[in-house]
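Written out below as structure tokens is the structure these notes cover.
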């Protein structure tokens, strides 16, 4: 059996799926369904402030800390605009979460991050529900 092709090819979105090759593997996937609120009910500035506080507790390298903090600041600056560009905010938030996700202590902060990412995704719209799996949620 060891000479068999065990590659996997995916032609679409497999978010929330466990794809494994090999024999006798056991996989557990713990995803929770997100309860994304309507955009008009979200105070995005408050959510960004809460995310900033939670992300500050994660130990990252000095270089990643600078990048993470800059990304959150970019999002905060954009939401203060008269008509904020949601894609700019989403992109900045995604950058911040990606830097945090690389850190060893990220998993311990997921419970704190989850509700704020969920509400931010509601404000950002369907195009940004890809942020949800970073904190163990599905859209």
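In our numbering, the protein residues as written are -19 to 119. Note that the Cβ used here is the ideal one computed from N, Cα and C, for glycine as well.
Ranked by Cα distance from residue 45, the first of -15, 88, 7 and 80 is 80. Distances from the CA of residue 112 to each of 13, -10 and -11 were compared; the closest alpha carbon is that of 13.
Bounds of the alpha helix (DSSP H) holding residue 103 are 86 to 104. In the three-state DSSP reduction, residue 118 falls in the strand class (E or B). Residue 76 holds the alpha-carbon nearest to the alpha-carbon of residue 51 among 65, 28, 59 and 76.
The stretch 39 to 71 contains, as complete alpha helix (DSSP H) runs of 4+ residues, the segments 42 to 59 (chain order). With respect to residue 103, residue 24 sits close: the two C-beta atoms are nearer than 8 Å. Nearest neighbour of residue 114 by Cα position, chosen from 87, 5 and 106, turns out to be 87.
Contact between residue 55 and residue 35 fails: their C-beta atoms lie close to 11 Å from each other, not under 8 Å.
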